[in-house]
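Asks: Here the sequence shown is numbered in the numbering used here, starting from 5 and rising by one per residue. Ideal placement from N, C-alpha and C gives every residue a C-beta, glycine not left out. Being a predicted model, the structure only gives us computed values, none of them experimental.
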Amino acid sequence: MRQAPPAARVRTTFLITAVALGAAALVHLLRYLLLIFNRNTLLNWLVADAAALLSVLASLAAIAAVMTCAVTLTRWLVARRSAAFAHWGRSETRSRSALWLGTLAPPSAAMALAITFAVTMALTGRSASWALMAACVAFCCLPLLASVWALVYVVELAKTEDHYAKLRVAIWEWWLLWLVSTVTSVFASVTSGAQDSQGIANNTVAIIVANLLAMVAVLATARVFEGFEAKPVARPAHRWVVVSDDEHDSPGSAAAVELTGAEPAA
Numbered sequence: 005m006r007q008a009p010p011a012a013r014v015r016t017t018f019l020i021t022a023v024a025l026g027a028a029a030l031v032h033l034l035r036y037l038l039l040i041f042n043r044n045t046l047l048n049w050l051v052a053d054a055a056a057l058l059s060v061l062a063s064l065a066a067i068a069a070v071m072t073c074a075v076t077l078t079r080w081l082v083a084r085r086s087a088a089f090a091h092w093g094r095s096e097t098r099s100r101s102a103l104w105l106g107t108l109a110p111p112s113a114a115m116a117l118a119i120t121f122a123v124t125m126a127l128t129g130r131s132a133s134w135a136l137m138a139a140c141v142a143f144c145c146l147p148l149l150a151s152v153w154a155l156v157y158v159v160e161l162a163k164t165e166d167h168y169a170k171l172r173v174a175i176w177e178w179w180l181l182w183l184v185s186t187v188t189s190v191f192a193s194v195t196s197g198a199q200d201s202q203g204i205a206n207n208t209v210a211i212i213v214a215n216l217l218a219m220v221a222v223l224a225t226a227r228v229f230e231g232f233e234a235k236p237v238a239r240p241a242h243r244w245v246v247v248s249d250d251e252h253d254s255p256g257s258a259a260a261v262e263l264t265g266a267e268p269a270a
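(1) Where do the ends of the alpha helix (DSSP H) carrying Q199 lie?
(2) So V222 and F18 are in contact, right, with Cβ under 8 Å, and what is the actual spacing, rounded?
(3) Could you give the distance in angstroms between the alpha-carbon of T120 and the alpha-carbon of A113?
(4) Taking one C-beta from the region 24-41 and one from the region 87-98 each time, how about it: are there three or more such pairs within less than 8 Å?
(5) Got a sec, what are the start and stop residues for the alpha helix (DSSP H) H32 sits in?
(6) Hey, quick one: how far does the alpha helix (DSSP H) through T76 stretch, first residue to last?
(7) Judging by CA-CA distance, which residue of V23, L30 and I40 is the nearest neighbour of G203?
(8) Give the secondary structure of V245 by DSSP, where H, G and I count as helix, E and B as strand, and everything else as coil.
(9) So for P236, helix, strand or coil by DSSP?
(10) Rounded C-beta distance between A162 and Y168? I'm assuming under 8 Å.
(11) For A27 and M71, I'd like the C-alpha separation in whole angstroms.
(12) Within the continuous alpha helix (DSSP H) that includes T164, where are the two ends?
(13) Sort N48, L30, A214 and S99 by Cα distance to T78 and report the nearest one.
(14) When the Cα of A69 is compared with those of V23, A56 and V51, which residue comes out closest?
(15) Judging by CA-CA distance, which residue of C145, R85 and T208 is the nearest neighbour of V156?
(16) Express the C-alpha separation of T76 and Q7 in angstroms, rounding to a whole number.
(17) Considering Cα atoms alone, identify which of V159, N42 and I67 is closest to S193.
(18) Can you round the beta-carbon distance between L217 and V190 to whole angstroms, since I take them to be within the 8 Å contact cut?
(19) Using a Cβ-Cβ cutoff of less than 8 Å, which residues in the same chain neighbour R243 once the five nearest sequence positions on both sides are dropped?
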């Protein structure tokens with residue numbers, strides 16, 4: 005049975021990821037304000053290049069943080085399922101490779117397709133039409149249909165540990181937010197090949213929204229994690245109190261009727 009990453013490390017990963025996504029949204033908001041300012045006043049080339057470079061670095065840092073968080077959580081899920089099934093004397097129903105692929109492959113494939121499309125459009129120097137962007141988003145999101153496996157794995161774990169009823173709302177909120185966040189990120193990647201000023205501004209807004217949604221999804225994931233950590237696998241859901249027989253009065257016993265110091269009654 006593989007060791008799960010410490011809870012403190014997982015919480016630190018959540019914090020770093022949320023901060024990275026929030027910082028990326030803030031940097032792109034600053035870039036959007038500069039774009040508005042640039043409509044009437046020409047920006048210094050140093051400021052423009054610095055803003056563009058900073059936005060790229062912020063986006064790369066956010067992507068790296070999200071990938072690290074996803075890998076850490078998958079490691080935790082695999083180890084937690086193994087411990088839960090072993091605790092209840094059952095064998096794991098999913099292989100490790102299935103858990104890893106079902107959790108990480110769908111969003112990774114969708115984002116890879118979206119980035120490939122965006123890079124291709126940027127290299128060709130063309131801006132995609134709305135119809136082409138919609139078709140690309142639909143095509144890139146097809147792998148997300150397999151993302152239900154991540155939900156299935158978590159629900160199976162919650163039911164195995166017998167507290168799915170308590171975590172049901174948190175689990176579904178996490179999954180829906182994660183799904184919407186991924187679709188928004190795909191759309192932002194697809195529209196990143198815009199060449200005109202209005203298209204660049206629209207894409208900047210899409211990136212801001214995508215980062216904010218991703219940050220909310222990370223916080224929702226942290227809520228699900230804390231729900232599982234609140235009850236360790238080895239601790240039962242119900243606590244039984246054992247009372248010794250000596251603490252109960254015997255049926256034939258009664259309170260003494262003699263005064264203190266008096267002789268027992270005959």
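Replies: Result, derived from the coordinates:
(1) Unbroken run through Q199: none, as it is neither H nor E.
(2) 6 Å
(3) 11 Å
(4) no
(5) A11 to N42
(6) W49 to H91
(7) I40
(8) A caution first: V245 carries a pLDDT of 46, below 50, which makes its placement in the model unreliable, though a value can still be read off. Three-state DSSP puts V245 in coil, outside helix and strand.
(9) coil
(10) 4 Å
(11) 16 Å
(12) V152 to T164
(13) S99
(14) V23
(15) R85
(16) 12 Å
(17) I67
(18) Incorrect: roughly 12 Å between the Cβ atoms, too far for contact.
(19) Here R243 scores only 44 on pLDDT, less than 50, and its place in the model should not be relied on; the value that follows carries that caveat. Excluding sequence neighbours, R243 sits near nothing in its chain.
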